[in-house]
Amino acid sequence: MIIVPMASANHKNDRLVIILDKTNVERMKGADPAQIICKEFPIGLVNPSIMVCYEEDSPKLNQLINSGDIEGLLEFVNRGFKFRPDLGDSDRGPKSLYEQN
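Residues in the sequence shown are numbered consecutively from 5, following the working numbering.
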């Protein structure tokens, strides 16, 4: 798992990018949840947008990480983004566990 915390100058656009790989997904299928400990980040985030991505072993991803090209990394992991409200994409905000169907 790759975690990229990004703080903006005024904290109005903080982001947390989580990139899962095949191994992470296989562990999660076995009820082993991914855990992220925000207090261990080298920078503080305030109410970040969280993006969860999946990438198998990718030379391009490794190149972007090793070069420190954060903008290129974000562009790469967003390359297939499709807004799909019909599938539940951010159209109604978070759902309460206590809501009745």
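In this text, a Cβ means the ideal position worked out from N, Cα and C, and glycines have one as well.
Boundaries (first-last residue) of the alpha helix (DSSP H) holding V29: Looking up residue 29 in the sequence shown gives position 25. Per DSSP, V29 belongs to the alpha helix (DSSP H) from K26 to K33.
Where DSSP assigns a beta bridge to L49, which residues make up the other side? As a working note, residue 49 is residue 45 in the sequence shown. According to DSSP, which records beta bridges pairwise, L49 is partnered with nothing at all.
Quick check on the burial criterion: 16 or more other C-beta atoms within 10 angstroms. Buried or exposed for C42? Here residue 42 refers to the residue found at position 38 of the sequence shown. When all chains shown are included, C42 counts as exposed.
Spatial neighbours of N28 in its chain, beta-carbon cut-off 8 Å, leaving aside the 5 residues before and after: Start at 1 with the first residue of the sequence shown, and residue 28 comes out as number 24. Excluding residues up to 5 positions away in sequence, M5 and A38 lie with their Cβ nearer than 8 Å to the Cβ of N28 in the same chain.
So, is V56 buried or exposed, given that buried needs 16 or more other C-beta atoms within 10 angstroms? Counted from its first residue, the sequence shown places residue 56 at position 52. By the neighbour-count criterion, in which a residue is buried when 16 or more other Cβ atoms sit within 10 angstroms of its Cβ, V56 is exposed.
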